[in-house]
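Enquirer: Dropping a structure here in structure tokens format, bear with me for questions.
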Amino acid sequence: MFNNKSIIITGGTGSFGKRYTKTLLERYKPKKIIIFSRDELKQFEMQQTYNNPCMRYFIGDVRDRYRLEEAMEGLDYVIHAAALKQVPAAEYNPMECIKTNINGAENVIRAALKNNVQKVIALSTDKAANPINLYGATKLASDKLFVAANNIAGKKPTRFSVVRYGNVVGSRGSVVPFFQKLIDQGAAELPITHENMTRFIITLQQGVDFVLKNFERMHGGEIFVPKIPSMNMVEVAKAMAPNLDIKIVGIRPGEKMHETMCPADDSHLTLEFDDHFVICPTIQFSYQSDFSVNKIGETGQSVAMGFEYQSGTNPQWLSAEGFLEMAKEYVD
Numbered sequence: 001m002f003n004n005k006s007i008i009i010t011g012g013t014g015s016f017g018k019r020y021t022k023t024l025l026e027r028y029k030p031k032k033i034i035i036f037s038r039d040e041l042k043q044f045e046m047q048q049t050y051n052n053p054c055m056r057y058f059i060g061d062v063r064d065r066y067r068l069e070e071a072m073e074g075l076d077y078v079i080h081a082a083a084l085k086q087v088p089a090a091e092y093n094p095m096e097c098i099k100t101n102i103n104g105a106e107n108v109i110r111a112a113l114k115n116n117v118q119k120v121i122a123l124s125t126d127k128a129a130n131p132i133n134l135y136g137a138t139k140l141a142s143d144k145l146f147v148a149a150n151n152i153a154g155k156k157p158t159r160f161s162v163v164r165y166g167n168v169v170g171s172r173g174s175v176v177p178f179f180q181k182l183i184d185q186g187a188a189e190l191p192i193t194h195e196n197m198t199r200f201i202i203t204l205q206q207g208v209d210f211v212l213k214n215f216e217r218m219h220g221g222e223i224f225v226p227k228i229p230s231m232n233m234v235e236v237a238k239a240m241a242p243n244l245d246i247k248i249v250g251i252r253p254g255e256k257m258h259e260t261m262c263p264a265d266d267s268h269l270t271l272e273f274d275d276h277f278v279i280c281p282t283i284q285f286s287y288q289s290d291f292s293v294n295k296i297g298e299t300g301q302s303v304a305m306g307f308e309y310q311s312g313t314n315p316q317w318l319s320a321e322g323f324l325e326m327a328k329e330y331v332d
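Numbered according to the UniProt record's numbering, the sequence shown terminates at residue 332, and the numbering increases by one at each position without gaps.
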């Protein structure tokens, strides 16, 4: 569905944007791919690898609605990946996080509507479910904005959905490259915030493939959640460096013990499909769809009341061998 289509990726020089671009170029023949981001150096570096004639690089900030409107003119699809993502940084710089993650989301919505873009998928995070930190709270607000945008659209063709998933193995700033750097530097121990901490684990390619598939699946208004394994953070450290000691350093500002992707309070809205969940919108749309059957004919069933999809109680767990296989491109 991406052949001869024009696509923009906000925050496109990040780990996700690069892999998404690589996948689009390998599998499809897009008319245009626009990388929209703030950092000219990262764009220059990305251009050295991704210089296909269909590529375009726009300097811009999602805080600037008018620049987004210019960038989205004549486009078909939007992937909104731009965000301030570091939990402690958001705690110390709350207004900056709000300006990018909430105000920026509103600007993306308005620009997409003005240009009659066909479909928009916004990337969310497990931290948006039952948030206890500012980053998660801003992403929950962003999720709500994108869902409600389907009503704001009125008679316009634009549809908006959200993809929510967990920790991405090897993404910039994540624990795997951090641990690997310490190992390469000859560290005697690896820091863990708490011995019981768990996280959902997904590879970058799995995240990209999930987003690609949901462009086909979406009616508009869904929050898509993949079924992915969990892992204890101590086990991650042991898998990467079995001979190193573990140092417990304490939970960081705004950090959870376990992450949730489908909250129990949303169980009455949650549908289970073979390889993913869908959280249906809380509000009614003029085009209200049967979300139990998606656009490619897959069918889902309602979950039990009180159901929660949480990393600590997830039935699917990752072994050390499985983790190393997922992380092989990032682990020496």
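Backbone N, C-alpha and C define an ideal beta-carbon position, used for all residues, glycine too.
#1: To the nearest angstrom, how far is the alpha carbon of S289 from that of P53?
#2: Quick one: using the 10 Å Cβ neighbour count with 16 as the cut-off for buried, is P253 buried or exposed?
#3: Decide if A237 is buried, meaning its Cβ has at least 16 other Cβ atoms within 10 Å, or exposed.
#4: Can the beta-carbon of V120 be found less than 7 Å from the beta-carbon of M326?
#5: Curious, which full-length alpha helix (DSSP H) runs of at least 4 residues does the stretch 233-302 contain?
#6: Is it true that the CB of F273 sits closer than 7 Å to the CB of C280?
#7: Which whole runs of the beta strand (DSSP E) in the stretch 146-185 are 3 residues long or more, in chain order?
#8: Between the beta-carbon of T260 and the beta-carbon of A129, is there less than 7 Å?
#9: Which same chain residues, not among the five before or five after Q180, have their C-beta less than 8 Å away from its C-beta?
#10: Below 8 Å on the Cβ atoms is my guess for N101 versus A83; work out the distance and round it to an integer in Å.
#11: Take the Cβ of T158 as the centre, count every other Cβ of all protein chains shown within 10 Å, and call the residue buried at 16 or more, exposed below.
#12: Counting C-beta neighbours from all protein chains within 10 Å, is the total for N133 16 or more, i.e. buried, or is it exposed?
#13: What residues in its chain sit with their C-beta under 6 Å from that of Q310, if we drop five residues either side in the sequence?
#14: Less than 7 Å between the C-beta atoms of I246 and I283, yes or no?
#15: How is the alpha helix (DSSP H) around V108 delimited, first residue to last?
#16: Excluding five sequence neighbours on each side, which residues of the same chain lie with their C-beta closer than 6 Å to the C-beta of V78?
Expert: Taking the coordinates as given:
#1: Taking the sequence shown and counting its residues from 1, one reaches residue 289 at position 289. Taking the sequence shown and counting its residues from 1, one reaches residue 53 at position 53. When rounded, the distance between both Cα atoms is 38 Å.
#2: Taking the sequence shown and counting its residues from 1, one reaches residue 253 at position 253. With fewer than 16 other Cβ atoms within 10 Å, it is exposed.
#3: As a position in the sequence shown, residue 237 is number 237, starting the count at 1. Classification for A237: buried.
#4: Residue mapping note: residue 120 aligns to position 120 of the sequence shown, counting from 1. Residue mapping note: residue 326 aligns to position 326 of the sequence shown, counting from 1. Taking 7 Å as the Cβ cut-off, V120 and M326 do not qualify as a contacting pair.
#5: 233-240
#6: By 1-based counting over the sequence shown, the position of residue 280 is 280. By 1-based counting over the sequence shown, the position of residue 273 is 273. No.
#7: The stretch 146-185 contains these whole beta strand (DSSP E) runs: 159-163 and 167-169.
#8: Your numbering for residue 260 matches position 260 in the sequence shown. Your numbering for residue 129 matches position 129 in the sequence shown. Yes, the Cβ-Cβ distance between T260 and A129 is below 7 Å.
#9: To locate residue 180, count along the sequence shown from 1; it is residue 180. Answer for Q180: M240, Y330, V331 and D332, listed in chain order.
#10: Against the sequence shown, residue 101 aligns to sequence position 101. Against the sequence shown, residue 83 aligns to sequence position 83. 5 Å between Cβ atoms; contact.
#11: As a first step, residue 158 is located in the sequence shown; it is residue number 158 there, counting from the start. Buried.
#12: As a first step, residue 133 must be located in the sequence shown, where it is residue number 133. N133 should be labelled buried.
#13: Within the sequence shown, the letter at position 310 stands for residue 310. Here the set comprises H258 and T260.
#14: Within the sequence shown, residue 246 is the residue found at index 246, counting from 1. Within the sequence shown, residue 283 is the residue found at index 283, counting from 1. Not a contact, by the Cβ cut-off of 7 Å.
#15: For the purposes of this step, residue 108 is taken as residue 108 along the sequence shown, with counting starting at 1. First-last of the alpha helix (DSSP H) with V108: G104 to K114.
#16: By 1-based counting over the sequence shown, the position of residue 78 is 78. I8, A112, V117 and V120, listed in sequence order.
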